[in-house]
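Here the sequence shown is numbered in the working numbering, starting from 1 and rising by one per residue. For reference, the structure is listed below as structure tokens.
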Amino acid sequence: MGEMKEHTISVLVEQTFDALPRIAGLFSGRGYQIDSISVGEAEEPGMARMTIVTRGDDGVIEQITKQLNKIVNVVKVTDLTYEPFVERELALVKVTATQSTRSEIMQIVNIFRAKIVDISPKTLTVECTGSRAKVQAIIGMLRPFGIREISRTGSVALRREFRGET
Numbered sequence: 001m002g003e004m005k006e007h008t009i010s011v012l013v014e015q016t017f018d019a020l021p022r023i024a025g026l027f028s029g030r031g032y033q034i035d036s037i038s039v040g041e042a043e044e045p046g047m048a049r050m051t052i053v054t055r056g057d058d059g060v061i062e063q064i065t066k067q068l069n070k071i072v073n074v075v076k077v078t079d080l081t082y083e084p085f086v087e088r089e090l091a092l093v094k095v096t097a098t099q100s101t102r103s104e105i106m107q108i109v110n111i112f113r114a115k116i117v118d119i120s121p122k123t124l125t126v127e128c129t130g131s132r133a134k135v136q137a138i139i140g141m142l143r144p145f146g147i148r149e150i151s152r153t154g155s156v157a158l159r160r161e162f163r164g165e166t
């Protein structure tokens with residue numbers, strides 16, 4: 001068996017009431033894990049783009065891709081993993097904040113270029129946008145203060161077009 005690797009798969013699909021359950025069902029029915037799935041309108045009316053983050057060796061990912069392509073409403077499946085792509089995730093993190101920890105939390109927020117979007121006498125709610133790794137990192141830094149709630153969008157991703165030097 002090959003190396004288990006995280007894969008980011010982009011799926012362009014016709015927007016129908018059963019598109020998401022069918023795609024999610026394909027994963028659960030075969031025991032494939034979904035780390036995150038995000039769905040939203042695509043560039044064309046009536047179309048949606050799904051970004052699915054999953055894990056598996058090359059054989060498993062190849063099977064997933066083949067099975068996704070068999071679903072009637074699926075127009076295009078792209079495994080972005082081996083090509084340059086832009087990825088973002090949004091997280092809202094409600095963290096316990098006391099008078100003495102507030103400034104330390106705010107320093108972490110600034111370092112990660114995140115924002116404080118809500119404040120109460122006992123909590124701060126932080127908004128962080130970035131790669132999955134960046135979101136994981138800020139959550140890890142905030143965890144010692146006491147996390148009350150987390151809400152994450154999951155990744156959205158698009159293939160990079162520019163291939164030259166930057």
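Virtual Cβ for every residue (Gly too), placed ideally from N, Cα, C.
{"Check": "What residue range is occupied by the uninterrupted beta strand (DSSP E) comprising residue 30?", "Outcome": "No beta strand (DSSP E) contains residue 30, which DSSP labels as neither H nor E."}
{"Check": "What does DSSP give as the partner residue(s) for residue 152 in the beta ladder?", "Outcome": "91"}
{"Check": "Throw me the rounded Cβ distance for the residue 169 and residue 150 pair, which I believe falls under 8 Å.", "Outcome": "With the chain covering only 1 through 166, there is no way to say anything about residue 169."}
{"Check": "Would you grab the beta carbon distance between residue 36 and residue 140 for me? Rounded to a whole angstrom, and I think it's under 8 Å.", "Outcome": "Actually they are not in contact, since the Cβ atoms of residue 36 and residue 140 sit about 17 Å apart, beyond 8 Å."}
{"Check": "Can you tell me whether residue 119 is buried or exposed, with buried defined as 16 or more other CB within 10 angstroms of its CB?", "Outcome": "exposed"}
{"Check": "Skipping 5 residues on each side, what residues in its chain have a beta carbon closer than 7 Å to that of residue 42?", "Outcome": "12, 48, 49"}
{"Check": "Ends of the beta strand (DSSP E) at residue 127?", "Outcome": "123 to 130"}
{"Check": "Given that a residue counts as buried once 16 or more other Cβ atoms are within 10 Å of its Cβ, and exposed if not, what is residue 126?", "Outcome": "buried"}
{"Check": "Who are the near neighbours of residue 6 in its chain, counting only those whose CB is closer than 6 Å to its CB and skipping five residues on each side?", "Outcome": "55"}
{"Check": "What whole-angstrom Cβ distance do residue 133 and residue 51 have, given they're in contact under 8 Å?", "Outcome": "Between residue 51 and residue 133 the Cβ distance is about 16 Å, and since that is not below 8 Å, they are no contact."}
{"Check": "Could you tell me which residues DSSP puts in a beta bridge with residue 48?", "Outcome": "13, 41"}
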